[in-house]
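Please read the structure below before turning to the comments.
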Amino acid sequence: MIKMKKHLILALIAAGVLITSGVVVGGFFIAKNKILKRHSTNTSKGEQEKVEEQNGPSLPDFSKVFEGDLAICRLFPQGKIEEIAGKKFVNVKQGSYQSTQYTQYYCEYRFEELPYEIEHGNPPVAPKNISITFVRGDISSLKDAYKLSEDVVRQDSSIPIPHQLVYNKDGKFLRLELFLADNLEVIVNTWWSTLTQEEAEKFVKDFSVYLKGFAEEKINETGNKTSSGGESNKEDEGAPLPQDEDIIKRFFEFINNGDADKAALMMKVNNDSELQAWAVQFNGFNHVQVLEIKKASVEEWTDSRHIYKVKIDVIMKPESGDEEIPYFGYENGENVRWLTLEKVGDIWKISEISNSP
Numbered sequence: 001m002i003k004m005k006k007h008l009i010l011a012l013i014a015a016g017v018l019i020t021s022g023v024v025v026g027g028f029f030i031a032k033n034k035i036l037k038r039h040s041t042n043t044s045k046g047e048q049e050k051v052e053e054q055n056g057p058s059l060p061d062f063s064k065v066f067e068g069d070l071a072i073c074r075l076f077p078q079g080k081i082e083e084i085a086g087k088k089f090v091n092v093k094q095g096s097y098q099s100t101q102y103t104q105y106y107c108e109y110r111f112e113e114l115p116y117e118i119e120h121g122n123p124p125v126a127p128k129n130i131s132i133t134f135v136r137g138d139i140s141s142l143k144d145a146y147k148l149s150e151d152v153v154r155q156d157s158s159i160p161i162p163h164q165l166v167y168n169k170d171g172k173f174l175r176l177e178l179f180l181a182d183n184l185e186v187i188v189n190t191w192w193s194t195l196t197q198e199e200a201e202k203f204v205k206d207f208s209v210y211l212k213g214f215a216e217e218k219i220n221e222t223g224n225k226t227s228s229g230g231e232s233n234k235e236d237e238g239a240p241l242p243q244d245e246d247i248i249k250r251f252f253e254f255i256n257n258g259d260a261d262k263a264a265l266m267m268k269v270n271n272d273s274e275l276q277a278w279a280v281q282f283n284g285f286n287h288v289q290v291l292e293i294k295k296a297s298v299e300e301w302t303d304s305r306h307i308y309k310v311k312i313d314v315i316m317k318p319e320s321g322d323e324e325i326p327y328f329g330y331e332n333g334e335n336v337r338w339l340t341l342e343k344v345g346d347i348w349k350i351s352e353i354s355n356s357p
C-alpha cells in the first residue's frame with residue numbers, strides 16, 4: 001500500500017510542491033504534510049533529450065480529437081481494453097478531477113471488486129486495476145515527475161507517439177506516459193495491476209498503437225462529414241445561458257457523486273411521493289457525466305421556461321436493470337435527454353426530463 005501511494009504521487013504532481021491534507025481525489029492519492037524533494041536520476045541529459053525529441057511518422061492532431069470533457073470509459077470501453085490486454089475486468093470506474101494546473105479524466109479497469117468499507121476505508125485500498133488518464137493543461141512539470149525518486153525512463157521504437165516508459169530503480173515497469181500535445185498527456189498505469197512485467201509492457205505498447213489509429217480514424221470521420229456538408233440540426237440552437245448551464249451541471253454532479261436526494265430536490269414535484277421516485281431513479285446511476293448542453297426548441301421558451309438538449313455519458317448500476325423500466329430507460333454509454341427548466345418563485349427547477357423534444 002505504501003508503494004502504491006508513492007507512485008501515484010510521483011506520477012501526478014509537480015516537483016518540490018508542498019501538499020497538505022491526505023485525501024484520494026479523482027483516483028490519485030495526495031500526500032499528507034509531506035515535502036517531496038528532488039533526487040538524482042539515472043537518466044543522462046542526452047537520454048532525456050531523446051525523450052523530448054522523437055523522430056517518427058506524422059501524428060494526428062490529438063488535441064482536436066480529445067477536446068472538451070472526456071468520458072474515458074466510453075472512448076475506450078471495457079471490451080476493447082480487455083481485447084488489448086488479453087485479460088478480463090470485473091468493472092470500470094470513471095471520473096475526473098480539476099486542479100489549478102490541469103484537469104484529469106480517467107478510467108480504472110478493475111480486476112477485482114473490494115468491499116466498500118475497504119476501498120473507502122482509512123487508509124483507502126484501491127482494487128487491482130489498469131488506469132488510463134488523460135491530463136490536459138499545464139503538464140510541463142509532469143514529464144520530470146519521475147526525477148522525484150530513483151525512477152528511470154526508457155523509450156521503445158515500437159511506440160508511435162512521443163513517450164517515456166517509467167521504471168523503478170529495481171527495473172519494475174510502472175507506467176507509460178504519452179505526450180500527445182503541449183497541453184495533453186496520457187498516463188497508462190499498470191503497476192497496480194495483476195499483469196506480469198512482460199504483459200504490462202506489451203499492453204502499453206499495443207494501446208499506444210491503437211490510440212494513434214483511433215485518433216486518425218476520428219479525424220478522417222470528421223473530414224468526411226465536413227466535405228459532404230449536411231443540413232444543420234434545427235434542434236441545436238446555440239450555447240446555454242450560463243446560469244442554466246450551472247444548474248444542469250450541478251444537477252448531474254449530484255447524481256454522479258451519489259447525492260440522489262440533493263438531485264431530487266432540484267426537480268419540480270407535486271408531492272413527496274414524486275420526490276422519492278426521482279431519488280430512487282437517480283440512485284440507479286453508477287456514473288454520469290455531461291458531455292454537451294445546447295439550447296433546444298427556443299421558439300417555445302418563455303421568461304420562466306427554458307429547454308435544453310443534454311448529451312450525457314452514463315454507467316448504470318447493474319441492479320437498476322431489475323426495475324420495472326430496466327435501467328430507468330438509460331443505456332450504458334452516450335445518452336441524449338431534453339431537460340425543461342421552470343422558474344418556481346425565485347428558484348429554477350427541472351420540471352421535465354424526456355428522451356425526445
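Numbering (UniProt numbering), first residue to last: 1 to 357. C-beta: ideal position from N, C-alpha, C; glycine also.
- Item | Selected residue, minimal CA-CA separation from ARG136, among ALA85, ASP69, ASN257 | Sequence index remark: in the sequence shown, residue 136 carries index 136 (1-based). Among ALA85, ASP69, ASN257, the Cα nearest to that of ARG136 belongs to ASP69.
- Item | Buried or exposed (CB count within 10 angstroms, at least 16 for buried), ILE118 | Numbered from 1 along the sequence shown, position 118 holds the residue referred to as residue 118. ILE118 is exposed by the Cβ-count criterion.
- Query: Ordered along the chain, which non-local residues of its own chain (more than five positions away) have a Cβ less than 6 Å from that of TRP348?
  - Reply: Looking up residue 348 in the sequence shown gives position 348. Setting aside the 5 residues that flank it on each side, TRP348 is surrounded in the same chain by ILE247, LEU341, each with a C-beta closer than 6 Å to its C-beta; the list follows chain order.
- Message: Please report whether the beta-carbon of GLY171 lies at a distance below 9 Å from any beta-carbon of chain D.
- Response: Of the protein chains in the structure, only one exists, and it is not chain D.
- Task: Would you list the one or two residues that DSSP bridges to TYR167?
- Result: On the sequence shown, position 167 is the one that residue 167 refers to. Residue pairing by DSSP places TYR167 opposite VAL152, PHE173 in a beta bridge.
- Task: Pull up the distance between the alpha-carbon of VAL152 and that of ILE307, whole angstroms please.
- Result: Residue 152 sits at position 152 when you count from the first residue of the sequence shown. Residue 307 sits at position 307 when you count from the first residue of the sequence shown. VAL152 and ILE307: Cα-Cα distance of roughly 54 Å.
- To the nearest angstrom, report how far apart VAL186 and VAL280 are at their CA atoms. Position 186 of the sequence shown holds residue 186. Position 280 of the sequence shown holds residue 280. If I take the Cα positions, the gap works out to 36 Å.
- Item | VAL125, DSSP secondary structure in three states | For the purposes of this step, residue 125 is taken as the residue at position 125 of the sequence shown. It is coil, neither helix nor strand.
- Query: Since VAL290 and LYS317 are thought to touch, with beta carbons under 8 Å apart, how far apart are those beta carbons, to the nearest angstrom?
  - Reply: Along the sequence shown, read from residue 1 onward, the residue named residue 290 stands at position 290. Along the sequence shown, read from residue 1 onward, the residue named residue 317 stands at position 317. The pair is not a contact, with the Cβ atoms about 19 Å apart (cut-off 8 Å).
- Nearest CA to the CA of GLU83: which residue from SER141, GLU199, ASP244? Position 83 of the sequence shown holds residue 83. Comparing Cα-Cα distances from GLU83 to each of SER141, GLU199, ASP244, the minimum goes to GLU199.
- Message: Would the region 326 to 333 count as touching the region 309 to 316 if we require 3 or more Cβ pairs under 8 Å?
- Response: Under the three-pair Cβ rule at 8 Å, the region 326 to 333 counts as touching the region 309 to 316.
- Query: Is GLY345 helix, strand or coil when you go by DSSP?
  - Reply: Looking up residue 345 in the sequence shown gives position 345. DSSP places GLY345 in coil when its eight states are reduced to three.
- For ASN256, which residues of its own chain have a beta-carbon under 8 Å away from its beta-carbon, when the five flanking residues on both sides are left out? In the sequence shown, residue 256 corresponds to position 256, counting from 1. For ASN256, where only same-chain residues beyond five positions count, the Cβ hits under 8 Å are PHE285, HIS287, VAL288, GLN289.
- Message: Mapping the DSSP letters down to three states, classify THR194 as helix, strand or coil.
- Response: As a first step, residue 194 is located in the sequence shown; it is residue number 194 there, counting from the start. In this structure, THR194 counts as coil in the three-state DSSP scheme.
- Query: When DSSP labels each residue in this structure, what does LEU114 get in the three-state scheme?
  - Reply: Looking up residue 114 in the sequence shown gives position 114. Residue state, collapsed to three classes: coil.
- Message: My output table needs one value for GLU331: the three-state DSSP class, helix, strand or coil.
- Response: If you number the sequence shown from 1, residue 331 lands on position 331. Note: GLU331 maps to coil in three-state DSSP.
- Message: With a threshold of 6 Å on Cβ separation, who are the neighbours of GLU292 within its own chain once the five nearest residues in sequence on each side are excluded?
- Response: As a working note, residue 292 is residue 292 in the sequence shown. Around GLU292, the same chain offers LYS311 as residues with beta carbons nearer than 6 Å, after the five sequence neighbours per side are excluded.
- Message: I need the straight-line Cα distance from MET266 to HIS120, nearest angstrom please.
- Response: Counted from its first residue, the sequence shown places residue 266 at position 266. Counted from its first residue, the sequence shown places residue 120 at position 120. The alpha-carbon atoms of MET266 and HIS120 are separated by roughly 28 Å.
- Item | Where ALA260 sits in the DSSP three-state scheme | Here residue 260 refers to the residue found at position 260 of the sequence shown. Looking at ALA260 - three-state DSSP - the assignment turns out to be helix.
- Query: Between LEU75 and ALA239, what straight-line distance do the alpha-carbon atoms span, to the nearest angstrom?
  - Reply: Residue numbering aside, residue 75 sits at position 75 when the sequence shown is read from its first letter. Residue numbering aside, residue 239 sits at position 239 when the sequence shown is read from its first letter. Taking the straight line from one Cα to the other gives about 24 Å.
- Task: Kindly indicate which three-state DSSP category PHE179 falls into: helix, strand or coil?
- Result: For the purposes of this step, residue 179 is taken as the residue at position 179 of the sequence shown. Looking at PHE179 - three-state DSSP - the assignment turns out to be strand.
- Measure the alpha-carbon distance for VAL204 versus LEU165 and round it to whole angstroms. Position 204 of the sequence shown, counted from the start, is the residue given in the question as residue 204. Position 165 of the sequence shown, counted from the start, is the residue given in the question as residue 165. About 9 Å.
- Please state if the CB of ALA145 and the CB of SER63 are separated by a distance shorter than 9 Å. For the purposes of this step, residue 63 is taken as the residue at position 63 of the sequence shown. For the purposes of this step, residue 145 is taken as the residue at position 145 of the sequence shown. Their beta carbons are not under 9 Å apart, which means SER63 does not touch ALA145 by this criterion.
- Under 7 Å Cβ to Cβ from ALA263, same chain only, skipping five residues before and after it: list those, please. As a first step, residue 263 is located in the sequence shown; it is residue number 263 there, counting from the start. Excluding positions up to five away in sequence, the list reads PHE251, PHE254, ILE255, PHE282.
- Message: Considering only their Cβ atoms, is the gap separating ASN183 from ILE132 smaller than 9 Å?
- Response: The residue you call residue 132 lines up with position 132 of the sequence shown. The residue you call residue 183 lines up with position 183 of the sequence shown. No.
- From this set, LEU275, PHE214, GLN155, GLU113, which residue's C-alpha is nearest ASP61's C-alpha? Translated into positions along the sequence shown, residue 61 becomes position 61. Of the listed residues, the one whose Cα sits closest to ASP61 is PHE214.
- Message: Tell me the rounded alpha-carbon separation between ILE81 and ASN91.
- Response: Walking along the sequence shown from the start, residue 81 turns up at place 81. Walking along the sequence shown from the start, residue 91 turns up at place 91. In this structure, the CA atom of ILE81 is about 12 Å from the CA atom of ASN91.
- Message: I'd like the ranges of any alpha helix (DSSP H) spanning at least 4 consecutive residues and lying wholly in the region 55 to 83.
- Response: 62 to 65, 72 to 75
- Query: Just the Cα atoms here: how many angstroms apart are LYS218 and PHE66?
  - Reply: Stepping through the sequence shown from its first residue, residue 218 is reached at position 218. Stepping through the sequence shown from its first residue, residue 66 is reached at position 66. Going from the Cα of LYS218 to the Cα of PHE66 covers about 10 Å.
- Query: Alpha carbon to alpha carbon, what distance is there between VAL298 and ILE72?
  - Reply: The residue given as residue 72 occupies position 72 in the sequence shown. The residue given as residue 298 occupies position 298 in the sequence shown. For ILE72 and VAL298, the distance between alpha carbons rounds to 32 Å.
- Message: Measuring straight from C-alpha to C-alpha, what distance separates SER356 and ARG110?
- Response: On the sequence shown, residue 356 is found 356 positions in, with the first residue counted as 1. On the sequence shown, residue 110 is found 110 positions in, with the first residue counted as 1. Near 35 Å, if we compare the C-alpha coordinates of ARG110 and SER356.
- Query: Sorted by chain position, which residues of the same chain lie with C-beta nearer than 8 Å to GLU274's C-beta, five sequence neighbours on each side aside?
  - Reply: Indexing the sequence shown from 1 puts residue 274 at position 274. Cβ neighbours of GLU274 beyond the five flanking positions: MET267.
- Message: Whole angstroms are fine: how far does the CA of LEU142 sit from the CA of GLY79?
- Response: Along the sequence shown, one-based indexing puts residue 79 at 79. Along the sequence shown, one-based indexing puts residue 142 at 142. Approximately 30 Å between the Cα atoms of the pair.
- Whole-angstrom distance between LEU178 and PRO162, CA atom to CA atom: Within the sequence shown, residue 162 is the residue found at index 162, counting from 1. Within the sequence shown, residue 178 is the residue found at index 178, counting from 1. Approximately 6 Å between the Cα atoms of the pair.
- Message: Just to confirm my understanding: we take LYS172, look at its own chain, exclude 5 residues before and 5 after, and list those with CB closer than 8 Å. What are they?
- Response: Indexing the sequence shown from 1 puts residue 172 at position 172. The answer, listed in chain order, is TRP191, GLN197.
- When the Cα atoms are used, what is the spatial distance from residue 358 to GLY321? The shown model of the chain, from 1 to 357, leaves out residue 358, and the question about it has no answer.
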